[in-house]
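Whatever position you read off the sequence shown (first residue = 1), add 1403 for our numbering. Okay, so here's the structure we're looking at.
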Amino acid sequence: MKKNRIKSFIITLILVFSTCLLKGQQLGMSFSFFFPRNGSFSNPVSPFSFRGIGLNPSRYFSLETGFTVYRMSGMNVTGLDFETNKPLMGPFFSLFVPGQAVLKLPLDKLVFSLKGGGFAFYNFDNRIIYGNLDRAIREYHGWEVANADFDFDNRIGLGLIFGAELIVYVTKQFGLNFEANYLAGGSPVHFRGNYTGGNSASGIQSIQADYAESMLDFTGFEITMGILFSSK
(Lines of atoms letter the chains of each structure in order from A and count residues from 1; the text may use other names and numbers.)
(Lines give C-alpha, C1' and ligand atoms only; values in the text may rest on other atoms or scores of the structure.)
Protein backbone atom coordinates (compact mmCIF):
# COMPACT_ATOMS: atom_id res chain seq x y z
CA MET A 1 0.00 0.00 0.00
CA LYS A 2 2.79 2.40 0.88
CA LYS A 3 4.52 1.90 -2.48
CA ASN A 4 1.22 2.41 -4.30
CA ARG A 5 0.66 5.71 -2.48
CA ILE A 6 4.17 6.84 -3.41
CA LYS A 7 3.60 5.98 -7.10
CA SER A 8 0.22 7.75 -7.11
CA PHE A 9 1.75 10.85 -5.55
CA ILE A 10 4.57 11.00 -8.10
CA ILE A 11 2.20 10.46 -11.05
CA THR A 12 -0.11 13.23 -9.77
CA LEU A 13 2.85 15.57 -9.42
CA ILE A 14 3.99 14.84 -12.97
CA LEU A 15 0.51 15.59 -14.32
CA VAL A 16 0.37 18.89 -12.44
CA PHE A 17 3.75 19.98 -13.75
CA SER A 18 2.92 18.80 -17.26
CA THR A 19 -0.12 21.09 -17.22
CA CYS A 20 2.10 23.97 -16.14
CA LEU A 21 4.50 23.17 -18.95
CA LEU A 22 1.78 23.33 -21.56
CA LYS A 23 0.63 26.73 -20.30
CA GLY A 24 4.08 28.22 -19.85
CA GLN A 25 6.31 30.04 -22.30
CA GLN A 26 9.24 27.71 -21.74
CA LEU A 27 9.69 24.18 -20.49
CA GLY A 28 12.66 22.03 -19.70
CA MET A 29 13.77 18.51 -18.93
CA SER A 30 17.03 17.84 -17.19
CA PHE A 31 19.30 15.42 -15.37
CA SER A 32 20.62 16.53 -12.01
CA PHE A 33 23.38 14.99 -9.92
CA PHE A 34 23.85 15.68 -6.23
CA PHE A 35 27.08 15.53 -4.23
CA PRO A 36 26.08 15.73 -0.54
CA ARG A 37 28.45 16.84 2.20
CA ASN A 38 29.82 13.74 3.97
CA GLY A 39 27.54 11.60 1.82
CA SER A 40 27.52 9.55 -1.36
CA PHE A 41 27.01 10.63 -4.97
CA SER A 42 23.32 10.58 -5.88
CA ASN A 43 21.48 10.60 -9.19
CA PRO A 44 17.92 11.28 -10.39
CA VAL A 45 15.31 8.65 -11.14
CA SER A 46 14.67 8.98 -14.89
CA PRO A 47 12.39 10.39 -16.22
CA PHE A 48 11.16 12.03 -13.00
CA SER A 49 13.00 15.33 -13.37
CA PHE A 50 11.49 18.56 -14.70
CA ARG A 51 13.32 21.81 -13.98
CA GLY A 52 13.33 25.41 -15.19
CA ILE A 53 9.54 25.71 -15.13
CA GLY A 54 8.19 29.15 -14.31
CA LEU A 55 7.12 32.67 -15.14
CA ASN A 56 9.10 35.13 -17.27
CA PRO A 57 7.75 38.67 -16.65
CA SER A 58 10.80 40.13 -18.46
CA ARG A 59 13.89 38.96 -20.32
CA TYR A 60 16.01 39.89 -17.28
CA PHE A 61 14.00 38.26 -14.48
CA SER A 62 12.01 35.09 -13.92
CA LEU A 63 10.62 32.82 -11.22
CA GLU A 64 11.37 29.12 -11.58
CA THR A 65 10.43 25.84 -9.99
CA GLY A 66 10.30 22.17 -10.96
CA PHE A 67 11.06 18.89 -9.28
CA THR A 68 13.53 16.03 -9.26
CA VAL A 69 13.09 12.56 -7.77
CA TYR A 70 16.52 11.56 -6.48
CA ARG A 71 17.82 8.19 -5.44
CA MET A 72 20.00 9.24 -2.53
CA SER A 73 22.79 6.73 -1.98
CA GLY A 74 23.61 8.05 1.49
CA MET A 75 23.46 11.24 3.56
CA ASN A 76 24.88 12.28 6.89
CA VAL A 77 23.12 13.28 10.11
CA THR A 78 24.08 16.29 12.24
CA GLY A 79 23.23 17.14 15.85
CA LEU A 80 24.69 13.96 17.34
CA ASP A 81 27.27 13.68 20.15
CA PHE A 82 29.67 12.15 17.66
CA GLU A 83 30.73 13.20 14.17
CA THR A 84 31.55 11.18 11.09
CA ASN A 85 32.32 11.88 7.44
CA LYS A 86 30.42 8.75 6.42
CA PRO A 87 26.70 8.70 5.49
CA LEU A 88 24.39 7.51 8.27
CA MET A 89 21.13 7.20 6.32
CA GLY A 90 20.33 5.61 2.96
CA PRO A 91 19.71 4.55 0.35
CA PHE A 92 16.32 6.22 -0.14
CA PHE A 93 14.25 8.22 -2.62
CA SER A 94 13.81 11.96 -2.21
CA LEU A 95 11.32 14.30 -3.90
CA PHE A 96 13.14 17.63 -4.30
CA VAL A 97 11.21 20.82 -5.22
CA PRO A 98 13.11 24.14 -5.61
CA GLY A 99 11.74 27.67 -5.98
CA GLN A 100 14.13 30.36 -7.23
CA ALA A 101 14.24 33.97 -8.34
CA VAL A 102 16.46 34.36 -11.41
CA LEU A 103 18.41 37.40 -12.65
CA LYS A 104 19.33 37.00 -16.33
CA LEU A 105 21.99 38.54 -18.54
CA PRO A 106 21.12 37.83 -22.22
CA LEU A 107 24.17 37.72 -24.52
CA ASP A 108 23.11 37.00 -28.10
CA LYS A 109 22.68 33.21 -28.12
CA LEU A 110 23.83 32.86 -24.51
CA VAL A 111 21.98 33.62 -21.28
CA PHE A 112 23.88 33.76 -17.99
CA SER A 113 21.73 33.65 -14.85
CA LEU A 114 22.21 34.01 -11.10
CA LYS A 115 19.67 32.15 -8.97
CA GLY A 116 18.60 32.15 -5.36
CA GLY A 117 15.72 30.87 -3.30
CA GLY A 118 14.62 27.89 -1.26
CA PHE A 119 13.68 24.25 -1.61
CA ALA A 120 11.58 21.57 0.05
CA PHE A 121 12.05 17.81 0.02
CA TYR A 122 10.48 14.66 1.35
CA ASN A 123 12.11 11.25 1.62
CA PHE A 124 10.66 7.81 0.97
CA ASP A 125 11.83 4.41 2.21
CA ASN A 126 14.64 5.84 4.33
CA ARG A 127 16.80 3.71 6.60
CA ILE A 128 19.82 3.87 8.90
CA ILE A 129 23.22 2.66 7.73
CA TYR A 130 24.08 0.77 10.92
CA GLY A 131 27.58 -0.20 9.78
CA ASN A 132 28.68 3.45 9.64
CA LEU A 133 26.69 4.38 12.77
CA ASP A 134 28.22 1.59 14.85
CA ARG A 135 31.68 2.53 13.61
CA ALA A 136 31.17 6.19 14.57
CA ILE A 137 30.00 5.19 18.07
CA ARG A 138 33.03 2.91 18.52
CA GLU A 139 35.42 5.70 17.56
CA TYR A 140 33.66 8.26 19.78
CA HIS A 141 33.84 6.08 22.91
CA GLY A 142 37.09 4.31 22.08
CA TRP A 143 35.32 0.95 22.19
CA GLU A 144 36.22 -2.25 20.44
CA VAL A 145 32.59 -3.14 19.61
CA ALA A 146 29.29 -1.26 19.38
CA ASN A 147 25.77 -2.15 18.32
CA ALA A 148 23.02 0.48 17.94
CA ASP A 149 19.25 0.17 17.74
CA PHE A 150 17.70 3.54 16.79
CA ASP A 151 14.37 4.91 15.60
CA PHE A 152 13.95 8.13 13.61
CA ASP A 153 11.33 10.52 12.21
CA ASN A 154 10.74 11.21 8.53
CA ARG A 155 9.54 14.79 7.98
CA ILE A 156 9.47 17.39 5.23
CA GLY A 157 12.78 19.23 4.96
CA LEU A 158 13.57 22.80 3.95
CA GLY A 159 16.66 24.67 2.82
CA LEU A 160 18.25 27.46 0.81
CA ILE A 161 19.60 27.15 -2.73
CA PHE A 162 21.98 29.44 -4.65
CA GLY A 163 23.60 28.97 -8.02
CA ALA A 164 24.28 29.99 -11.59
CA GLU A 165 23.16 28.77 -14.99
CA LEU A 166 24.40 29.09 -18.56
CA ILE A 167 21.95 28.53 -21.44
CA VAL A 168 23.21 28.08 -24.99
CA TYR A 169 20.46 28.52 -27.59
CA VAL A 170 21.02 26.35 -30.64
CA THR A 171 17.87 27.82 -32.24
CA LYS A 172 15.23 30.28 -31.04
CA GLN A 173 13.10 27.38 -29.82
CA PHE A 174 15.77 25.03 -28.50
CA GLY A 175 18.59 25.43 -25.99
CA LEU A 176 20.99 23.56 -23.74
CA ASN A 177 21.44 24.48 -20.08
CA PHE A 178 24.25 23.87 -17.62
CA GLU A 179 23.63 24.72 -13.99
CA ALA A 180 25.42 24.45 -10.64
CA ASN A 181 23.72 25.02 -7.28
CA TYR A 182 24.77 24.97 -3.64
CA LEU A 183 22.13 23.58 -1.30
CA ALA A 184 22.01 24.07 2.48
CA GLY A 185 19.12 22.42 4.28
CA GLY A 186 17.90 19.53 6.35
CA SER A 187 14.97 17.70 7.87
CA PRO A 188 14.40 16.68 11.52
CA VAL A 189 15.05 12.99 12.12
CA HIS A 190 15.22 12.86 15.95
CA PHE A 191 17.51 9.87 16.35
CA ARG A 192 16.66 7.98 19.56
CA GLY A 193 17.17 4.53 20.98
CA ASN A 194 20.05 2.76 22.63
CA TYR A 195 23.44 1.33 21.85
CA THR A 196 25.56 -1.31 23.54
CA GLY A 197 29.32 -1.68 23.41
CA GLY A 198 32.63 -1.59 25.17
CA ASN A 199 36.07 -3.12 25.25
CA SER A 200 38.04 -5.67 27.21
CA ALA A 201 39.22 -3.06 29.73
CA SER A 202 35.92 -1.37 30.61
CA GLY A 203 33.48 -4.18 29.88
CA ILE A 204 30.15 -3.96 28.08
CA GLN A 205 27.64 -1.19 28.79
CA SER A 206 24.33 -0.01 27.38
CA ILE A 207 23.51 3.67 26.83
CA GLN A 208 20.16 5.33 26.15
CA ALA A 209 20.38 8.02 23.45
CA ASP A 210 17.96 10.79 22.48
CA TYR A 211 19.13 13.35 19.90
CA ALA A 212 16.09 15.61 19.61
CA GLU A 213 17.98 18.17 17.49
CA SER A 214 19.41 15.69 14.98
CA MET A 215 18.91 16.58 11.30
CA LEU A 216 19.36 14.81 7.99
CA ASP A 217 22.03 16.96 6.34
CA PHE A 218 20.76 18.01 2.92
CA THR A 219 23.83 20.10 2.11
CA GLY A 220 25.98 19.87 -0.98
CA PHE A 221 26.39 20.70 -4.65
CA GLU A 222 23.92 19.94 -7.41
CA ILE A 223 24.98 19.81 -11.06
CA THR A 224 22.24 19.99 -13.70
CA MET A 225 22.36 19.47 -17.47
CA GLY A 226 19.29 19.67 -19.63
CA ILE A 227 17.35 20.97 -22.58
CA LEU A 228 14.90 23.86 -22.93
CA PHE A 229 12.03 24.34 -25.36
CA SER A 230 10.35 27.65 -26.05
CA SER A 231 6.73 27.95 -27.19
CA LYS A 232 7.22 31.48 -28.50
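Even for Gly, the Cβ is constructed at its ideal location relative to N, Cα and C. Computed from a prediction, not measured in an experiment: that's the story for all the values here.
Taking Cβ to Cβ, would you say THR1622 is nearer than 9 Å to ASN1580? no
Where ALA1574 falls, given that 16 or more other Cβ within 10 Å makes a residue buried: According to the sequence provided, residue 1574 is Thr. The question's Ala does not apply to it. Counting Cβ neighbours within 10 Å, THR1574 comes out exposed, since fewer than 16 surround it.
Whose C-beta lies closer than 8 Å to the C-beta of LYS1507 among residues of the same chain, with five residues either side of it excluded? ARG1462, TYR1463, PHE1464, SER1465, VAL1514, PHE1515, SER1516
Can you find the residues in the same chain that come closer than 8 Å, C-beta to C-beta, to GLY1493, ignoring five residues on each side of it along the sequence? GLY1442, SER1443, MET1475, SER1476, GLY1477, MET1478, ASN1529, ARG1530, ILE1532
List in chain order: all unbroken beta strand (DSSP E) runs of 3+ residues lying wholly within the region 1526 to 1597. 1548 to 1554, 1560 to 1572, 1577 to 1591
To which residues does DSSP link VAL1480 through a beta bridge? Secondary-structure assignment with DSSP links VAL1480 through a beta bridge to LEU1619.
Skipping 5 residues on each side, what residues in its chain have a beta carbon closer than 6 Å to that of LYS1489? Answer for LYS1489: ASN1535, listed in chain order.
Check whether the region 1602 to 1611 touches the region 1552 to 1569, counting contact only when three or more Cβ pairs, one atom from each stretch, lie closer than 8 Å. no
Does the Cβ of VAL1480 have 16 or more other Cβ atoms within 10 Å, making it buried, or fewer, making it exposed? buried
Where GLY1427 sits in the DSSP three-state scheme: Confidence at GLY1427 is low in this model, with a pLDDT of 44, below 50, so its placement is unreliable and no value can be given for it.
Could you give the distance in angstroms between the alpha-carbon of LEU1619 and the alpha-carbon of GLY1589? 5 Å
For the beta strand (DSSP E) containing MET1475, name the first residue and the last one. 1464 to 1475
Taking the continuous beta strand (DSSP E) assigned at GLY1606, which residues delimit it? Element bounds for GLY1606: 1606 to 1614.
Sort out for me which residues DSSP pairs PRO1439 with in a bridge. Per DSSP, GLY1623.
Can you tell me the Cα-Cα spacing of LEU1458 and VAL1500, whole angstroms? Approximately 16 Å between the Cα atoms of the pair.
Whether PHE1524 touches LEU1498 by CB criterion (9 Å): With a cutoff of 9 Å on beta-carbon distance, PHE1524 and LEU1498 are scored as near each other.
Coarse secondary structure for LYS1599, derived from DSSP in three states: This sequence places Thr at residue 1599; Lys is not what is there. In the structure shown, THR1599 sits in a strand (DSSP, three-state: E or B).
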